[in-house]
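K.L.:
Pasting in a structure now, in structure tokens, and then I'll have a few things to ask.
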Amino acid sequence: MSAGEKRRRLAVGGICAARLFLLVVLAVVLAQPRAQDDQQSGAVRTGKDPAEQGPAGERSAAPPEILSEHPSGPFDRARLAEQKRRWKEALETYRSARQTAPDDPALLAGESRCLLRLDQFREALAAAEKAVAAARAPAAVSTEESAARGAATAASVTLGGEALVAYGEALIRAGELERAAEAFSRAVETTPSLAHAHLGLGRMMIARGDVEKGIAELQRAYEIAPDDPDVLFHYAGALAQRQDAAAVLSRYLELSEGEEEAQRESVRATIAFYRALGETPLWLLQEKPARSEIPIWPISKTPGVLDGYAMELKAPEKAAERGKRVKERKLRCLLDTGASGLFLSARAAEGIALRSLSQGALFGGGGTGRHQTSRGLIDSLSLGEVVFRNAAAIVASGNVDPLGRYDGILGADVLDSFRLTIDLRGRRLVLEDPEAAARSGARARGKGPSDRSPASSGAPPVRIWRIEGQLLVRVGLNGGKSALMMLDTGASRTVLGLAAASGLDGIGRRKRSARTYGFGGSLEKVEDIEGLSLSFAGLKPKSLSVVGIDLSSRSRLVGTEISGYLGLDVLRDLSLEFEPGLRGLSIRGR
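Right under this line is the structure:
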């Protein structure tokens, strides 16, 4: 696979699509806000990073996979409970053992892992910080406890590395991806035999666009721990052959009893999709012009309120009779950087030549929180002069937009092989082939969007983190705090998570009394928030009025703390220029 194909496999065709796409597409109904979640506080940079304070210690502990079914001490009992994914039992056992060894880094790291699985990530981060600090000190574990570990000590897994891995995993969940990458990198340096060090580093490399290096780290993690469920889950998305990936995911299901059922159901749906699809390549570019410009137009429900931008795609109509000339059907789709892949309404799918392949479900939104879908394949899909073959689509059981203003949603990741410019001010989408530009020696002068205006405030490109299909950027909030927010051209207004709002000064909050709707039904815990000051790429809008939504469930499913979405109230006058692979973003305009 090329790097672009690997990015597309990881982002568009991967496991995340089934369980997360619904949470992504809820961006489109932001006037009637989105996902229904539980409240937690936001992620904020605080204090000195323990990973920067010096080398870790060298005492050893064993990975869970080597333990027998008859553990001899509390440490082994806790590890075995972890292996069986009995997180509460393992947590209680670690804490009990810490009564006699409160500063044992292995016990602290284990406690952090269990807390993280129970989604108590702040407590997990605190425990991991203590573990890192304790691993550096000449800390004492009781002789009795050390002896009780028995064969576990023979594994010689460096405690400092294990503590750093626990720290990195907690940092991912807290939304501190930059610090997480540093922690995993140090863990790989100090303890190259630790599978989860390579796993975490590989995930962060892929998230920041270093796909080839990231896949190599996932491969190394698999070589070390081929029966680790977490390794299997992420390694499957990096495999070139879908049937190999299906086999790895099947092994994951065998070993992940006790894992969240929504994730296991999504994995089963992915296996069914991979087996139905075979090795058919997805989203092949049949026609890839050097440069293509596609008009986009605003859509709204209320005059003066911009809800999003739509564009026109074309797909073959469903043929009424064999041999009859096939016509093209126009599909009006929302251009949504907050979405991944292609999502169609049932009505739109019924009118085009789409081969149904498998069934699945999406989780989140309103109503019951579970929504039946199907997956299918469109032989040919056109966007202006660009023509795709084998375009994969998720089909809803009903409408995508409650008002019927568009037929579907197209995520930006489908276009990541181009240099992609979303010129919202100029109402156009510009796609440029970087390979054609390289062959010609330069981009076409006077035509490319980079010739139109300088980047705002001379700011350098913004780093994009791609986590489970989400395009995340770091923004500054009131009081100098920072957080990850999703770049979302499908949202009419900026959203602030209630968790993040609870830690900010200078904002006003008012609960919304009117019923608010998302995909599939009504939502709860919605607020109107005034006075948000947000800094991003040199732009500093003041006193924003935003929507407050509880995003903790979304953050839990994605695996990192998402503090909100940057909507069109911030982006509407800008031109967003993405590097190929969506690795970075330059802002032009205002």
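End of the sequence shown = 576 in the working numbering, gap-free, step of one. Glycine included, every Cβ here is placed at the ideal spot set by N, Cα and C.
Tell whether a beta-carbon distance below 8 Å holds between residue 299 and residue 369.
P.N.:
Cβ atoms of residue 299 and residue 369: closer than 8 Å.
K.L.:
Around the Cβ of residue 85, are there at least 16 other Cβ atoms within 10 angstroms (buried) or fewer (exposed)?
P.N.:
Exposed: under 16 other Cβ atoms inside 10 Å.
K.L.:
For residue 413, does the count of other Cβ atoms within 10 angstroms reach 16, so buried, or fall short, so exposed?
P.N.:
Residue 413 is exposed by the Cβ-count criterion.
K.L.:
With DSSP run on the structure shown, which of helix, strand or coil describes residue 116?
P.N.:
Residue state, collapsed to three classes: helix.
K.L.:
Compute the Euclidean distance between the alpha carbons of residue 563 and residue 61, then round it to the nearest angstrom.
P.N.:
So the alpha carbons of these two residues sit roughly 52 Å apart.
K.L.:
Which of the three DSSP states, helix, strand or coil, is assigned to residue 449?
P.N.:
Three-state result, residue 449: strand.
K.L.:
According to DSSP, simplified to helix, strand and coil, what is residue 295?
P.N.:
Reduced to three states, the DSSP call for residue 295 is strand.
K.L.:
May I ask you to report which of helix, strand or coil DSSP gives residue 216?
P.N.:
Residue 216: helix per DSSP, three-state reduction.
K.L.:
Where residue 520 and residue 510 are concerned, what is the direct C-alpha to C-alpha distance, given to the nearest angstrom?
P.N.:
The straight-line gap from Cα to Cα measures roughly 25 Å.
K.L.:
Starting from residue 389, trace the alpha helix (DSSP H) both ways and give me its first and last residue.
P.N.:
No alpha helix (DSSP H) holds residue 389; DSSP gives it neither H nor E.
K.L.:
Could you have a look at residue 397 and say whether DSSP puts it in helix, strand or coil?
P.N.:
Looking at residue 397 - three-state DSSP - the assignment turns out to be strand.
K.L.:
Excluding sequence positions up to five away, which residues of its chain have a Cβ less than 6 Å from the Cβ of residue 140?
P.N.:
Confidence is the limiting factor: at residue 140 the pLDDT is only 32, short of 50, which leaves the residue's position unreliable, though a coordinate-based value still follows. For residue 140, where only same-chain residues beyond five positions count, there are no Cβ hits under 6 Å.
K.L.:
From the DSSP secondary-structure annotation, give me the bridge partner or partners of residue 377.
P.N.:
Answer is 364.
K.L.:
Rounded to the nearest angstrom, how far is the Cβ of residue 147 from that of residue 180, given a contact under 8 Å?
P.N.:
About 5 Å separates the two Cβ atoms, so the contact holds.
K.L.:
Taking the beta strand (DSSP E) that residue 460 belongs to, which residues open and close that run?
P.N.:
From DSSP, the beta strand (DSSP E) with residue 460 extends over 456 to 462.
K.L.:
May I have the straight-line CA-CA distance separating residue 223 from residue 492, to the nearest angstrom?
P.N.:
Going from the Cα of residue 223 to the Cα of residue 492 covers about 43 Å.
K.L.:
Cα-Cα, which of 229, 280 and 253 is closest to residue 262?
P.N.:
The shortest Cα separation from residue 262 among 229, 280 and 253 belongs to 229.
K.L.:
If I measure Cβ to Cβ from residue 24 and keep anything under 8 Å in the same chain, skipping five residues before and after, which residues do I get?
P.N.:
Low per-residue confidence applies at residue 24: pLDDT is 36, beneath 50, and the placement is therefore not dependable, though the value from the model is reported in the following sentence. Closer than 8 Å at the Cβ level, and outside the excluded window around residue 24, lie 536, 538 and 539.
K.L.:
DSSP on residue 201, reduced to helix/strand/coil?
P.N.:
Residue 201: helix per DSSP, three-state reduction.
K.L.:
Pick out whichever of 479, 285, 381 and 206 has its Cα sitting closest to the Cα of residue 295.
P.N.:
When each option's Cα is compared against that of residue 295, the closest is 285.
K.L.:
Using DSSP with H/G/I as helix, E/B as strand and the rest coil, what is residue 335?
P.N.:
In the structure shown, residue 335 sits in a helix (DSSP, three-state: H, G or I).
K.L.:
Compare the Cα-Cα distances from residue 561 to each of 371, 415, 191 and 200 and report the closest residue.
P.N.:
Minimum Cα distance to residue 561 is reached at 415.
K.L.:
Run the CB neighbour count on residue 571, radius 10 Å, all protein chains shown included, and call it buried at 16 or more, exposed below.
P.N.:
Counting Cβ neighbours within 10 Å, residue 571 comes out buried, since at least 16 surround it.
K.L.:
Under the three-state reduction of DSSP, which class applies to residue 565: helix, strand or coil?
P.N.:
Three-state result, residue 565: coil.
K.L.:
Please report the distance separating the alpha-carbon of residue 449 from that of residue 59.
P.N.:
Looking at the two C-alpha atoms, the distance is approximately 46 Å.
K.L.:
Are residue 149 and residue 117 close, meaning C-beta to C-beta below 8 Å?
P.N.:
Taking 8 Å as the Cβ cut-off, residue 149 and residue 117 qualify as a contacting pair.
K.L.:
Here's a check: name, in chain order, each residue in its chain whose Cβ is nearer than 6 Å to the Cβ of residue 341, leaving out the five neighbours to either side.
P.N.:
Hits under 6 Å: 362 and 363.
K.L.:
Any idea if residue 390 is buried or exposed, counting beta-carbon neighbours within 10 angstroms, 16 or more meaning buried?
P.N.:
Exposed, by the Cβ-count rule.
K.L.:
Roughly how many angstroms separate the alpha carbons of residue 470 and residue 401, rounded to a whole number?
P.N.:
Each residue's Cα considered, the two are about 23 Å apart.
K.L.:
Can you tell me whether DSSP reads residue 573 as helix, strand or coil?
P.N.:
Strand, per DSSP.
K.L.:
In the DSSP assignment, find the unbroken beta strand (DSSP E) run with residue 329 in it and report its ends.
P.N.:
Its beta strand (DSSP E) spans residues 328 to 330.
K.L.:
Is there contact between the stretch 160 to 174 and the stretch 183 to 190, where contact requires at least three CB pairs shorter than 8 Å?
P.N.:
With a cut-off of 8 Å, the stretch 183 to 190 and the stretch 160 to 174 count as touching, because enough Cβ pairs lie within range.
K.L.:
Kindly indicate which three-state DSSP category residue 192 falls into: helix, strand or coil?
P.N.:
Note: residue 192 maps to helix in three-state DSSP.
K.L.:
Given a threshold of 16 other Cβ atoms within 10 Å of its Cβ, counted over all protein chains shown, does residue 575 qualify as buried or as exposed?
P.N.:
It counts as buried.
K.L.:
Taking the straight line between their C-alpha atoms, what separation do you get for residue 216 and residue 291?
P.N.:
Spanning the two alpha carbons is a distance of roughly 44 Å.
K.L.:
Excluding five sequence neighbours on each side, which residues of the same chain lie with their C-beta closer than 7 Å to the C-beta of residue 193?
P.N.:
The residues are 163, 451, 452 and 453.
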